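Okay, so the sequence shown: first residue is 1 according to UniProt numbering, each after it adds one. We put the beta carbon where it would ideally sit given N, CA and C, even for glycine. For clarity, every value in this text was computed on a predicted model and none was experimentally measured.
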Amino acid sequence: MAIKKLKVIGDKDLQKLKKESKCCIIINDLVYDVTAFLEHPGGFDVLKEHDGQDATKAFQQIGHSANAQNLMKTFLIGIRKNSALYKKKAATKTVQGKDEFVDYSEKEIKEETEAKASANAKGKAPKEKLPEEEKINYPLVASVILLFSITYYFLFLQT
1 MAIKKLKVIG DKDLQKLKKE SKCCIIINDL VYDVTAFLEH PGGFDVLKEH
51 DGQDATKAFQ QIGHSANAQN LMKTFLIGIR KNSALYKKKA ATKTVQGKDE
101 FVDYSEKEIK EETEAKASAN AKGKAPKEKL PEEEKINYPL VASVILLFSI
151 TYYFLFLQT
């Protein structure tokens, strides 16, 4: 289970994000950057209306599918500072069992991102393991091709 680190976001941070032309909304004390989702099925205006504000009531009144709620996880960037959820989970450092929130500074987040990017650029990206059914046994494939070629030669080409 992967842990996603979340920034603790205060009012000043929300204002800073707004100045950067980011559209962030707050639902259940969690902060979502929905800038990439401004073509929301409910319309652009719905998201812009709640930019930098709590949109929990509006979100719950409309009702959203399970797919929409899963999609929200991709836009999650932080937890609202001094919110009820933040205070409740401060001792455990987790939100919904798998997200860790830490009061990171912008500098720390930037350094961590740059370190990962430089490791990937040097070709040290972690290798993804393929499932067993996607692994190819190249010696076996080469043997089958060779056997087929020899058989074809003796059956059809040799006169």
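Approximately 5 Å separates the beta-carbon atoms of Leu17 and Cys24; this is inside 8 Å, confirming the contact.
CA-CA distance, Asp33 to Gln61, rounds to 20 Å.
Here Phe156 is exposed: its Cβ has fewer than 16 other Cβ atoms, across all protein chains shown, within 10 Å. By a beta-carbon distance limit of 8 Å, Asn28 does not contact Leu71. Their separation comes to about 15 Å.
Scanning its chain for C-beta atoms nearer than 6 Å, with the 5 sequence neighbours on each side dropped, one finds around Ile26 the residues Asp54, Arg80, in chain order. Here the C-alpha atom of Ser83 lies approximately 11 Å from the C-alpha atom of Asp11. Residue pairing of Tyr32 in beta bridges, as defined by DSSP: Ile25, Leu76. For Asp54, the pairing in a beta bridge is given by DSSP as Ile26. Straight across, the Cα-Cα distance linking Ala66 with Val46 is about 20 Å. Between His64 and Ala58 the beta-carbon gap is near 11 Å, outside 8 Å, which marks them as no contact.
Close CB contacts of Thr56 within its chain, under the 6 Å cut and outside five residues either way in sequence, are with Ile27, Asn28 (chain order). An exposed status is given to Leu38, since fewer than 16 other beta-carbon atoms sit within 10 Å of its beta-carbon.
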